[in-house]
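Note sheet for the following structure.
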Amino acid sequence: DTAVSQTPKYLVTQMGNDKSIKCEQNLGHDTMYWYKQDSKKFLKIMFSYNNKELIINETVPNRFSPKSPDKAHLNLHINSLELGDSAVYFCASSGDRGPYEQYFGPGTRLTVT
Amino acid sequence: GQNIDQPTEMTATEGAIVQINCTYQTSGFNGLFWYQQHAGEAPTFLSYNVLDGLEEKGRFSSFLSRSKGYSYLLLKELQMKDSASYLCAVRVEYGNKLVFGAGTILRVKS
């Protein structure tokens with residue numbers, strides 16, 4: 009019954025490593041998003057895909073690369089992890105009818121040591 | 003630029019009414035959302051305003067004045083479970099891009 013799911017829930021890794029976070033939604037939504045929530049709890053959009061097409065690409069280091077194999081999945085790959093990448097990463101999705109509210113996954117807490 | 007301001011923290015008593023304000027200055031406006039986020043959990047959708055006025059949803063109401071760049075979330079009959087962070091977010095022009103405020107931490111005391 010999970011609407012938006014993410015794996016893993018926790019990720020602890022060392023600087024310089026490469027890691028991926030996976031997201032899946034079973035709501036039949038067309039649009040998916042990645043957000044970063046930093047230690048000050050500020051939630052900021054990173055990317056958005058609509059039907060596998062990238063539509064929002066904020067000013068994010070190119071070490072971050074999203075991939076959408078189909079409209080139900082949106083993965084985030086991060087190369088050469090840095091200390092400043094430590095945050096909670098949320099995936100979200102929204103449908104094609106107003107008000108287009110976004111449904112968030114449970115988050116992935118990434119800690120880079 | 004995008005600027006969304008909310009109070010950092012508020013405290014209220016169980017059973018009372020609390021109003022959380024949000025002011026915004028954004029490059030575009032296509033609606034304002036309120037989300038609730040409990041500690042360690044995902045944000046969940048509470049309300050949406052795109053026209054001026056009040057939207058009521060049970061114990062929660064949200065108000066919008068586009069000319070003033072102002073919104074508030076009103077929580078009535080406060081319960082302990084309402085202790086959470088409340089995020090104001092503006093949908094700006096393209097895509098379904100939401101710009102979030104930093105959130106208001108509400109503490110409900112007995």
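Protein chains in written order, with this note's numbering: chain P, 9 to 121; chain D, 3 to 112.
We put the CB at the ideal spot given by N, CA and C, even for glycine.
Measure the CB-CB distance between residue i and residue j and report whether it falls below 8 angstroms.
i                 : j                 : result
Tyr-51 (chain P)  : Phe-35 (chain D)  : Before going on, a small fix: residue 51 (chain P) reads as Leu here, not Tyr. Against a cut-off of 8 angstroms, the Cβ pair of Phe-35 (chain D) and Leu-51 (chain P) comes out as no contact.
Leu-77 (chain D)  : Phe-62 (chain D)  : yes
Pro-45 (chain D)  : Phe-112 (chain P) : yes
Ala-104 (chain D) : Gln-27 (chain D)  : no
Leu-35 (chain P)  : Ser-76 (chain P)  : no
Thr-119 (chain P) : Ile-29 (chain P)  : no
Ile-19 (chain D)  : Met-12 (chain D)  : no
Asp-38 (chain P)  : Asn-58 (chain P)  : yes
Gly-97 (chain D)  : Ile-63 (chain P)  : yes
Leu-48 (chain D)  : Ser-85 (chain D)  : no
Leu-82 (chain P)  : Pro-69 (chain P)  : no
Ile-53 (chain P)  : Glu-61 (chain P)  : no
Tyr-97 (chain P)  : Lys-44 (chain P)  : yes
Thr-106 (chain D) : Thr-10 (chain D)  : yes
Cys-24 (chain D)  : Ser-69 (chain D)  : no
The beta strand (DSSP E) spanning residue i covers which residue range?
i                 : result
Gln-33 (chain P)  : 27–33
Lys-75 (chain P)  : 72–78
His-81 (chain P)  : 81–86
Leu-48 (chain D)  : 46–51
Ala-100 (chain P) : 95–102
Val-120 (chain P) : 116–120
Asp-84 (chain D)  : Element bounds for Asp-84 (chain D): n/a, residue is neither H nor E.
Leu-20 (chain P)  : Residue identity differs from the one stated: residue 20 (chain P) is Val in this sequence, not Leu. Its beta strand (DSSP E) spans residues 18–21.
Report the three-state DSSP secondary structure of residue i (helix, strand or coil).
i                 : result
Leu-89 (chain D)  : strand
Lys-44 (chain P)  : strand
Gly-103 (chain D) : coil
Gly-55 (chain D)  : strand
Leu-91 (chain P)  : helix
Ser-164 (chain D) : Residue coverage of chain D in this structure runs from 3 to 112, which leaves residue 164 (chain D) outside it and unanswerable.
Glu-80 (chain D)  : Here residue 80 (chain D) turns out to be Leu, not Glu, going by the sequence shown. Looking at Leu-80 (chain D) - three-state DSSP - the assignment turns out to be coil, as it is neither helix nor strand.
Thr-25 (chain D)  : strand
Glu-109 (chain P) : coil
Let me check understanding here. Comparing Cα to Cα, which of the options lies closest to residue i?
i                : options                                 : result
Ser-88 (chain P) : P:Val-96, P:Arg-71, P:Ser-94, P:Ala-100 : P:Arg-71
Leu-53 (chain D) : D:Ala-41, D:Ser-67, D:Ile-22            : D:Ser-67
Val-94 (chain D) : D:Tyr-88, D:Phe-31, D:Gly-3             : D:Phe-31
Met-1 (chain P)  : P:Gln-14, P:Glu-66, P:Ala-80, P:Met-23  : Here chain P covers residues 9 to 121 and nothing more, so residue 1 (chain P) does not appear.
Tyr-50 (chain D) : D:Ser-69, D:Asn-5, D:Gln-38             : D:Gln-38
Cys-31 (chain P) : P:Leu-91, P:Cys-99, P:Gln-45            : P:Cys-99
Leu-89 (chain D) : D:Asn-98, D:Leu-75, D:Lys-99            : D:Leu-75
Val-12 (chain P) : D:Phe-65, D:Glu-58, D:Glu-43, D:Leu-56  : D:Glu-43
Ser-47 (chain P) : P:Gly-92, P:Pro-107, P:Ile-53, P:Leu-19 : P:Gly-92
Ile-6 (chain D)  : D:Glu-57, D:Ser-29, D:Gly-60, D:His-40  : D:Ser-29
Would you say residue i reaches chain A, if we count a Cβ-Cβ gap shorter than 8 angstroms as a contact?
i               : result
Gly-3 (chain D) : Chain labels in this structure do not include chain A; the protein chains are P and D.
Please list the residues of the stretch 21–44 of chain D that have a C-beta atom closer than 9 angstroms to any C-beta atom in chain P, keeping them in chain order.
Gly-33, Phe-35, Tyr-37, Gln-39, Gly-42, Glu-43, Ala-44
Between the stretch 44–77 of chain D and chain P, which residues of the former have a C-beta closer than 8 angstroms to a C-beta of the latter?
Ala-44, Pro-45, Thr-46, Phe-47, Tyr-50, Val-52
Identify each residue in the stretch 80–99 of chain D for which the Cβ-Cβ distance to at least one residue of chain P is less than 7 angstroms, and report them in chain order.
Ser-87, Leu-89, Gly-97, Asn-98, Lys-99
Taking only beta carbons into account, state which residues of the stretch 62–80 of chain P come closer than 8 angstroms to chain D, listed in chain order.
Ile-63, Ile-64
Just by C-beta distance, which residues in the stretch 80–94 of chain P are closer than 8 angstroms to chain D?
none
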